[in-house]
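Input: a single structure, listed below in structure tokens.
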Amino acid sequence: MIKKVSVLILMLVVCGCAGGIGGSDEDERNVPLAAKARLAEEAGDFAEAVDLYRQALDKNHRLARLHLDLALVLHGMEGRKDYISIMYHYKKYLELRPETEKRKMIENRLRLASQAYAGMVLGHSNGGNTPIIKDLEDQVAKLKEENELLERKNAIFKRKLLQKSEGLEAPSRAPAPVLKKKPKAIRTYKVQHGDTLQSIAVFFYGDVDRADDIYESNKDKLRGPNELIEGQILDIP
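FYI, the numbering for the sequence shown is 232 to 468, going by my numbering.
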């Protein structure tokens with residue numbers, strides 16, 4: 232299994248190095264979380280690799296090569312496959328790299344994933360096994376929700392970059408008091424897969440520094456500032 236996934240990814244790397252797209256791909260594969268994900272793949276810890284790729288894409292969902300690497304790992308894993316995610320990430324790579332020389336190979340793998348997904352849905356629906364279909368529908372809804380969240384985060388980052396390019400300076404923050412009082416929560420947020428306090432702060436305030444405020448409001452339920460649990464309910468001050 233490890234050899235199968237690694238060989239396929241190596242083939243795609245070699246293909247990518249033949250032209251200009253390869254340079255972009257390699258630059259993206261060298262971001263810290265992607266490098267850690269590749270080490271996890273080499274060690275055979277594909278679940279950890281998937282988690283690291285998703286964390287990297289949460290930070291920047293336009294890293295095309297990471298969409299492809301994530302799709303390849305998910306497609307190569309043993310057991311029941313998440314075809315919805317596999318197809319999404321293959322398509323996202325082709326969308327972000329329309330001129331890639333790997334297009335034919337990726338389209339072939341996308342076709343195989345689509346056929347397998349269709350066969351799985353038809354097989355279960357003919358047998359009246361509706362829980363499987365419901366599970367797939369839930370996966371589609373979750374992916375749409377995650378995509379919308381990423382788009383909102385990306386819009387916030389774009390606005391901040393535009394402000395900087397126009398020479399606008401963010402208003403200076405008042406010095407923090409010696410004794411910080413826990414902010415009163417006025418809303419809550421359910422932690423999603425790959426969330427960090429910093430990404431939640433950007434989502435609600437457009438300011439990564441507000442992560443400290445969120446941590447102070449939830450110190451009694453968090454083991455540490457970097458130990459969020461998926462499904463956990465946080466108070467947002």
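C-beta atoms are modelled at their ideal positions from N, C-alpha and C, and glycine is treated no differently.
*Going straight from the alpha carbon of Asp443 to that of Leu353, what length do you get?*
Within the sequence shown, numbered from 1, the residue matching residue 443 stands at position 212. Within the sequence shown, numbered from 1, the residue matching residue 353 stands at position 122. When only Cα atoms are considered, Asp443 and Leu353 end up about 49 Å apart.
*Between the region 438-452 and the region 290-305, do at least 3 Cβ pairs fall closer than 8 Å?*
Because the criterion of three Cβ pairs below 8 Å is not met, the region 438-452 and the region 290-305 do not touch.
_Would Val422 and Glu377 be called neighbours here (beta carbons separated by less than 8 Å)?_
Residue numbering aside, residue 422 sits at position 191 when the sequence shown is read from its first letter. Residue numbering aside, residue 377 sits at position 146 when the sequence shown is read from its first letter. A distance of 8 Å or more separates the beta carbons of Val422 and Glu377.
*Hey, how far is the Cα of Gln370 from the Cα of Ile317?*
As a working mapping, residue 370 is identified with position 139 in the sequence shown. As a working mapping, residue 317 is identified with position 86 in the sequence shown. Near 12 Å, if we compare the C-alpha coordinates of Ile317 and Gln370.
*Pick from Asp313, Glu257 and Phe277: whose alpha carbon is nearest that of Leu294?*
Numbered from 1 along the sequence shown, position 63 holds the residue referred to as residue 294. Out of Asp313, Glu257 and Phe277, the CA that lies nearest to the CA of Leu294 is found in Glu257.
*Tell me whether the beta-carbon of Leu297 lies closer than 8 Å to the beta-carbon of Tyr321.*
Within the sequence shown, residue 297 is the residue found at index 66, counting from 1. Within the sequence shown, residue 321 is the residue found at index 90, counting from 1. Tyr321 sits away from Leu297, with the two beta carbons spaced by 8 Å or more.
*asked:* DSSP three-state label for Arg418, please.
replied: Residue numbering aside, residue 418 sits at position 187 when the sequence shown is read from its first letter. If DSSP states are grouped into helix, strand and coil, Arg418 belongs with the strands.
*Just confirm the distance between the C-beta atoms of Ser448 and Asp466, as a whole number of angstroms; I'd bet it's less than 8 Å.*
As a position in the sequence shown, residue 448 is number 217, starting the count at 1. As a position in the sequence shown, residue 466 is number 235, starting the count at 1. About 5 Å; that satisfies the 8 Å criterion.
*Reduced DSSP category for Ile460 - H, G, I as helix; E, B as strand; rest coil*: Within the sequence shown, numbered from 1, the residue matching residue 460 stands at position 229. In the three-state reduction of the DSSP assignment, Ile460 falls in the coil class, being assigned neither a helical nor a strand state.
_Give me, in chain order, the residues of the same chain whose beta-carbon lies closer than 8 Å to that of Ile464; leave out the 5 immediate sequence neighbours on both sides._
In the sequence shown, the residue the question calls residue 464 occupies position 233. Around Ile464: Thr419, Tyr420, Lys421 and Val422.
*Measure the C-alpha to C-alpha separation of Ala271 and Lys395 and round it to an integer number of angstroms.*
On the sequence shown, residue 271 is found 40 positions in, with the first residue counted as 1. On the sequence shown, residue 395 is found 164 positions in, with the first residue counted as 1. Per the coordinates, the alpha-carbon of Ala271 lies some 37 Å from the alpha-carbon of Lys395.
*Let me know the secondary structure DSSP gives Asp282 once reduced to three states.*
Here residue 282 corresponds to residue number 51 of the sequence shown, with the count starting at 1. DSSP, read as helix, strand or coil, puts Asp282 in helix.
*Name the residue from Leu283, Asn291, Lys333 and Val433 whose alpha carbon lies nearest to the alpha carbon of Lys391.*
In the sequence shown, residue 391 corresponds to position 160, counting from 1. Cα-wise, what sits closest to Lys391 is Val433.
_Environment of Ala349 [buried if 16+ CB atoms lie within 10 Å]_ = Position 118 of the sequence shown, counting from 1, holds the residue named residue 349. Ala349 comes out exposed.
*Residues of its chain near Pro456, where Cβ-Cβ distance is below 7 Å and the 5 sequence neighbours each way are ignored*: The count along the sequence shown starts at 1 and reaches residue 456 at position 225. Excluding positions up to five away in sequence, the list reads Leu428 and Tyr446.
_Spatial distance of Leu459 from Leu453 (CA atoms)_ = Translated into positions along the sequence shown, residue 459 becomes position 228. Translated into positions along the sequence shown, residue 453 becomes position 222. About 7 Å.
*asked:* Judging by CA-CA distance, which residue of Ile315, Thr331 and Lys323 is the nearest neighbour of Ala344?
replied: Your numbering for residue 344 matches position 113 in the sequence shown. Distance from the Cα of Ala344 is smallest, within the candidate group Ile315, Thr331 and Lys323, for Ile315.
_Can you look up Asp451 in the DSSP assignment and give me helix, strand or coil?_
By one-based count along the sequence shown, residue 451 stands at place 220. Correct three-state label for Asp451: coil.
*With 16 as the cutoff for other CB atoms within 10 Å, does Gln286 come out buried or exposed?*
As a first step, residue 286 must be located in the sequence shown, where it is residue number 55. Label assigned to Gln286: buried.
*Determine the direct distance from the alpha carbon of Ala265 to that of Leu393, and round the result to whole angstroms.*
Position 162 of the sequence shown, counting from 1, holds the residue named residue 393. Position 34 of the sequence shown, counting from 1, holds the residue named residue 265. Cα-Cα distance, rounded: 27 Å.
*Reduced DSSP category for Asp300 - H, G, I as helix; E, B as strand; rest coil*: For the purposes of this step, residue 300 is taken as residue 69 along the sequence shown, with counting starting at 1. In this structure, Asp300 counts as helix in the three-state DSSP scheme.
*Whole angstroms is fine: what's the gap from Arg260's alpha carbon to Ala278's?*
As a first step, residue 260 is located in the sequence shown; it is residue number 29 there, counting from the start. As a first step, residue 278 is located in the sequence shown; it is residue number 47 there, counting from the start. So the two alpha carbons sit approximately 18 Å from each other.
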